[in-house]
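Asker: Start counting the sequence shown at 1; every next residue gets the next number (full-length UniProt numbering).
Even glycine gets a Cβ: it sits at the ideal position worked out from N, Cα and C.
Would you mind keeping the following structure in view while I ask a few things?
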Amino acid sequence: MDEEVPDGDYEKGKKVFKLRCLHCHVAEAPINKLGPHLNGIVGRKSGIVDGYPYTEANKNAGITWTRKALYDYLENPRRYILGTSMVFRGIRRPEDRIDLITYLEKSEQGTAEVLETSTTSE
Numbered sequence: 001m002d003e004e005v006p007d008g009d010y011e012k013g014k015k016v017f018k019l020r021c022l023h024c025h026v027a028e029a030p031i032n033k034l035g036p037h038l039n040g041i042v043g044r045k046s047g048i049v050d051g052y053p054y055t056e057a058n059k060n061a062g063i064t065w066t067r068k069a070l071y072d073y074l075e076n077p078r079r080y081i082l083g084t085s086m087v088f089r090g091i092r093r094p095e096d097r098i099d100l101i102t103y104l105e106k107s108e109q110g111t112a113e114v115l116e117t118s119t120t121s122e
């Protein structure tokens with residue numbers, strides 16, 4: 001995959017999230033579970049979610065979660081960040097990774113719109 005990760009299918013990505021990620025992560029709200037929340041992950045630096053006990057490997061990885069970085073990471077998280085505590089083996093199918101990234105990115109935009117609307121209507 002080159003530097004550009006194409007847009008995927010939001011609904012398919014939502015299904016991938018529910019099947020592969022939901023037991024450890026939340027995407028549509030800043031709530032940590034077994035893993036850190038993924039709300040706003042696209043563009044965020046690795047290892048910075050408040051209240052989540054990251055490994056030193058994650059804190060010091062120096063990664064900004066671009067679409068490309070997420071695409072590569074999701075294939076094999078333990079190979080991408082040596083020393084991560086994430087036990088997930090990864091997502092082999094490129095289409096599933098692309099769809100998941102699209103879901104994560106659009107979910108965070110929807111959350112931002114909801115938050116913006118609620119603060120302006122007060």
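Whose CA, out of PHE88, ALA57 and LYS33, lies closest to the CA of ILE81?
Answerer: Residue ALA57 is the option with its Cα nearest to ILE81.
Asker: Tell me the residue span of the alpha helix (DSSP H) that contains LEU70.
Answerer: Start and end: 67-75.
Asker: What are the boundary residues of the alpha helix (DSSP H) that includes LEU38?
Answerer: Where LEU38 is concerned, there is no enclosing alpha helix (DSSP H), given that its DSSP letter is neither H nor E.
Asker: Can you grab the Cα-Cα spacing for the pair TYR54 / LYS68, in whole Å?
Answerer: Approximately 22 Å, taken between the alpha carbons.
Asker: According to DSSP, is THR102 part of a helix, a strand, or is it coil?
Answerer: If DSSP states are grouped into helix, strand and coil, THR102 belongs with the helices.
Asker: So, at 7 Å on beta carbons, what are the nonlocal neighbours of PHE17 in its own chain, with the 5 sequence-adjacent residues on each side left out?
Answerer: Excluding residues within five positions, the ones whose Cβ falls inside 7 Å are ALA27, LEU100 and TYR103.
Asker: Taking the Cβ atom as the reference point for each residue, do PRO77 and THR66 lie within a distance shorter than 9 Å?
Answerer: Not in contact: PRO77 and THR66 (Cβ atoms no closer than 9 Å).
Asker: How would you call ALA61, buried or exposed, if buried means at least 16 neighbouring beta carbons within 10 angstroms?
Answerer: Looking at its Cβ environment, which holds 16 or more other Cβ atoms inside 10 Å, ALA61 is buried.
Asker: Can you pull the DSSP bridge partners for THR64?
Answerer: DSSP lists LYS45 as partners of THR64.
Asker: Find the nearest neighbour of HIS23 within the set GLU3, GLY43, LEU34 and LYS106, judged by alpha-carbon distance.
Answerer: For the residues GLU3, GLY43, LEU34 and LYS106, the minimum Cα distance to HIS23 belongs to LEU34.
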